[in-house]
Amino acid sequence: LGPSLGFQAHSPFLFGLGDLPADLTASLPWVSHVEPINALSIPTWAIHSSSVIEFIFAMNVIWNYAETTGNEKWKGMTWGMLPLHASGIAACTYHFFYNPSSFQFMVSTQAGFTLLGNITLAIAAFRIARSNGWTIADLNPFPKSSTSPTGLVADNIAALPLKISTEGESELVLAGKLSALTLAVAYAVKYGELGLDIPFNPNPAIGVGMVLSIPALTAANFWNKSQEDGEGFTFPSFGGDGEGLSMTDVKKYGVAGTVAYVITELAFWAVAFPVASTALYQSTGHWPDVINDTADRTTVLGFIFAGANIARLAVPLRLGAALALAPWVDENIINRGEKTEDSK
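This is the structure in structure tokens:
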């Protein structure tokens, strides 16, 4: 009967545009596997791939906006989008392996990256608002005093001339390129993986590596851009001076600061193994045997490695925790003996 709408599994969906006919797929020279019945269609893969491609595009647009306007705080928005980028990669990785039960942890990983990304974007938005003169007082719903200088900074910024950059290509051409790239990636992933053994032999360690490596490459790209601009990289700050927290701030507390930082690091590793073991139990139904089972040991180490990389994104929070803990450490650990002698 020729091409049809094809609503059955692996039929030429949407006249062959949504899924290639099964006999055509099998005739492709690299294909060595048959698609599982739960394989995604081309439109569904296109949605997933566009969420990655267009997200990277948006990160680049925001970076360019920061350079055009001269407000470097906007680059913090690009960095804040990285966890959400990783969340999209986690979803694609889960479907790349055809949603195996051993990859159920990937769903939780995606949710975790989404939560982290929402937090980092909120921090980035707060820093941008502060740079534009916004203050907490602006949340006050009551009218301000007519003599209050509040709002003058924002008014002055609004009065500045608009900065623009030359358009490289028309919006229509850009939309066409993004659409073509999205479809190309969708076809490449859907039918390209049929020539690989990896998707049909799910390995959690490989999955974690995919989730971490692609965002790492994206981060490296923006890192190189920041180096080319001569900016370097600083941790985000919550203040208006543009300077972030660093180990120098922790070292100002001397031994107490160093001990406090060590305690915050030990706290992470103290919970890393139990959390990784629980994640493995939730996804496989058994607790890890890291001594006798190589697969369990590799998976647990993969979980811990992923957690360590997520923790790196929260370095300012870890340094802040160390700074907050330093006075207590100084009083109750470093100078505890002196305090006891004084009480006598």
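Residue numbers are given in my numbering: position 295 of the sequence shown equals residue 342, and the series is strictly consecutive. We put the beta carbon where it would ideally sit given N, CA and C, even for glycine. Just so we're clear, the structure is a prediction, and the values are computed from it rather than from any experiment.
Per-residue burial, residue i [other beta carbons within 10 Å of its own, 16 or more giving buried]
| i | result |
| --- | --- |
| D66 | buried |
| V309 | exposed |
| E290 | Note that E290 scores 49 on pLDDT, short of 50, meaning its location in the model is unreliable and no value can be drawn from it. |
| H333 | exposed |
| P147 | buried |
| M294 | exposed |
| Q274 | exposed |
| L131 | buried |
| A222 | exposed |
| P335 | buried |
| I395 | The structure shown does not extend to residue 395, since the chain is modelled only from 48 through 391, so no value can be given for it. |
| V297 | buried |
| A303 | buried |
| N379 | exposed |
Chain-order list of residues whose beta-carbon lies under 6 Å from that of residue i (same chain, five-residue window excluded)
| i | result |
| --- | --- |
| M106 | T125 and M128 |
| T311 | R365, A368 and A369 |
| G287 | Because G287 carries a pLDDT of 41, less than 50, the predicted location of this residue cannot be relied on, and no value is offered for it. |
| A307 | A369, L372, A373 and V376 |
| L168 | G127 |
| N382 | none |
| A171 | G123, M124 and G127 |
Cβ separation of residue i and residue j, assumed to be a contact under 8 Å, to the nearest whole Å
| i | j | result |
| --- | --- | --- |
| Y145 | P90 | About 17 Å separates the two Cβ atoms, so there is no contact after all. |
| S88 | V236 | At roughly 12 Å, the Cβ-Cβ gap does not stay under 8 Å, so S88 and V236 are not in contact. |
| A326 | F352 | Not quite, the Cβ-Cβ distance comes to about 13 Å (not below 8 Å), so this is no contact. |
| L225 | I100 | 7 Å |
| A323 | V347 | 5 Å |
| H80 | F247 | 6 Å |
| T265 | I103 | 6 Å |
Same chain, Cβ closer than 7 Å to residue i, five either side skipped, listed in chain order
| i | result |
| --- | --- |
| W92 | A233, V236 and K237 |
| I245 | I253 |
| I175 | K120, W121 and M124 |
| N85 | Y145 and N146 |
| T140 | M153, G254, M257 and V258 |
| N118 | S178 |
Contact set for residue i: own chain, Cβ-Cβ below 8 Å, skip 5 residues either direction
| i | result |
| --- | --- |
| S155 | A326 and Q329 |
| S149 | P249, P251, S330 and T331 |
| L228 | I100 |
Fill in: Those runs of the alpha helix (DSSP H) which lie wholly inside the region 294 to 336 and span at least 4 residues
294 to 298 and 302 to 331
Discussion item. Threshold first: 3 residues or longer. Then list the beta strand (DSSP E) segments lying entirely within the region 207 to 258, N to C.
Written reply: none
Worksheet entry | Meets three-Cβ-pair contact criterion under 8 Å: the region 123 to 139 and the region 259 to 268 | yes
Discussion item. Taking 8 Å as the cut-off, does the region 96 to 115 touch the region 163 to 170 (at least 3 CB pairs, one atom from each stretch)?
Written reply: no
Fill in: Contact the region 237 to 257 vs the region 340 to 354: 3+ CB pairs below 8 Å
yes
Worksheet item: Residue ranges of each alpha helix (DSSP H) run of no fewer than 4 residues wholly in the region 122 to 150, ordered along the chain?
Response: 129 to 143
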